[in-house]
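Below is one structure; the comments refer to it alone.
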Amino acid sequence: MQPAGPSGYGSPVFALESTILLPAAEFRSQLVEGLAGPGYVVFPELLRPEIAAEIRAEMERLRDAGAFRPAGVGRGESNRLAPATRGDGTCWFEPAALTAAQSKLGAVLEAAREGMNAELFLGLWDSEGHYAIYPPGTFYRRHLDRFANDSRRTVSTVFFFNPEWTSADGGDLRMETSGGPRDVAPVSGTAVFFLSDRIPHEVLETRRERFSFAGWFRTRE
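Here the working numbering is used: the first residue of the sequence shown is 69, the next is one more, and so on.
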């Protein structure tokens, strides 16, 4: 997902009113405070339940249509499959062909991008992202999101779409923070934002099929 600018998703404020449960100003305030402080922020139940359900249903349709591909590790020509490191399948967003569900999620991302640029002066130019499905028994080992030879990824985000998730299902996102490990259950509607170069993280082994979106806000160069 690579919007050319604020107009890429229409009116973020209007979209937020029907997409997230927090007031727009509170969302922006918590986002900026978390990134400027510990380097991350967790929003439990950020998305409205009907929006999360719509996105989950779309992911299931795309999965059934064979749109997901095994995910690799590394960038560009060095990208390779590594099931001992990462076991999810991904379906990347196409900037010129966003679905209605993807556009609603995109509106949240665009509002976040505008807020981070206005308050933190990060110079975020665009974003990219994909749906991810982890089959039972899979995981993603500890890693950083910023590539060694490409510094554009600046802020990472993850949204979850798993209703009725319990601790017995596993699949937590574990972030290594200055205060120690922080585990986030992939409960539907929850969202996480964190600094791409500062927060090592992993997906713990899941015991149920696990649905999420992963995205990255990038600088131009």
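C-beta: ideal position from N, C-alpha, C; glycine also. Quick caveat, the model's predicted, so the values are computed rather than measured.
Range covered by the alpha helix (DSSP H) that runs through residue i
{"i": "Leu-103", "result": "92-104"}
{"i": "Asp-132", "result": "117-132"}
{"i": "Leu-263", "result": "That residue, Leu-263, is in no alpha helix (DSSP H); its beta strand (DSSP E) goes 259-263."}
{"i": "Leu-173", "result": "168-188"}
Straight-line gap, residue i to residue j (C-alpha atoms, nearest Å)
{"i": "Gly-142", "j": "Leu-241", "result": "20 Å"}
{"i": "Gly-76", "j": "Glu-182", "result": "Here Gly-76 scores only 41 on pLDDT, less than 50, and its place in the model should not be relied on; the value that follows carries that caveat. Spanning the two alpha carbons is a distance of roughly 12 Å."}
{"i": "Met-127", "j": "Gly-283", "result": "15 Å"}
{"i": "Ala-180", "j": "Leu-99", "result": "8 Å"}
{"i": "Gly-174", "j": "Ser-195", "result": "9 Å"}
{"i": "Ala-104", "j": "Pro-151", "result": "35 Å"}
{"i": "Gly-191", "j": "Ser-219", "result": "13 Å"}
{"i": "Thr-167", "j": "Ile-267", "result": "31 Å"}
{"i": "Leu-149", "j": "Arg-210", "result": "16 Å"}
Beta-carbon gap between residue i and residue j smaller than 8 Å
{"i": "Asp-156", "j": "Ala-120", "result": "no"}
{"i": "Gly-107", "j": "Phe-279", "result": "no"}
{"i": "Thr-87", "j": "Lys-172", "result": "yes"}
{"i": "Leu-90", "j": "Leu-114", "result": "yes"}
{"i": "Phe-207", "j": "Val-109", "result": "no"}
Proximity to residue i [Cα-Cα], best of the options
{"i": "Gly-205", "options": "Leu-89, Arg-276, Val-109, Arg-250", "result": "Arg-276"}
{"i": "Gly-197", "options": "Leu-90, Thr-158, Asn-217, Glu-94", "result": "Thr-158"}
{"i": "Phe-227", "options": "Arg-220, Glu-145, Thr-258, Thr-167", "result": "Thr-258"}
{"i": "Gln-160", "options": "Arg-137, Ile-123, Ser-224", "result": "Before going on, a small fix: residue 160 reads as Trp here, not Gln. Nearest option by C-alpha distance: Arg-137."}
{"i": "Ala-133", "options": "Ala-125, Ala-139, Ala-186", "result": "Ala-125"}
{"i": "Asn-185", "options": "Thr-274, Ser-97, Leu-84", "result": "Ser-97"}
{"i": "Gly-239", "options": "Gly-248, Pro-254, Pro-249, Thr-225", "result": "Pro-254"}
Where residue i falls, given that 16 or more other Cβ within 10 Å makes a residue buried
{"i": "Thr-222", "result": "buried"}
{"i": "Ala-216", "result": "exposed"}
{"i": "Phe-82", "result": "The predicted position of Phe-82 is uncertain, since its pLDDT is 46 and thus under 50; a value taken from the coordinates is nonetheless stated next. Looking at its Cβ environment, which holds fewer than 16 other Cβ atoms inside 10 Å, Phe-82 is exposed."}
{"i": "Thr-234", "result": "exposed"}
{"i": "Ser-264", "result": "buried"}
{"i": "Asp-251", "result": "exposed"}
{"i": "Pro-203", "result": "exposed"}
{"i": "Glu-178", "result": "buried"}
{"i": "Arg-288", "result": "exposed"}
Residue i: first and last residue of the uninterrupted beta strand (DSSP E) it sits in
{"i": "Leu-194", "result": "The sequence given here places Asp at residue 194; Leu does not occur at that position. Looking at the DSSP string, the run of the beta strand (DSSP E) that includes Asp-194 is 192-202."}
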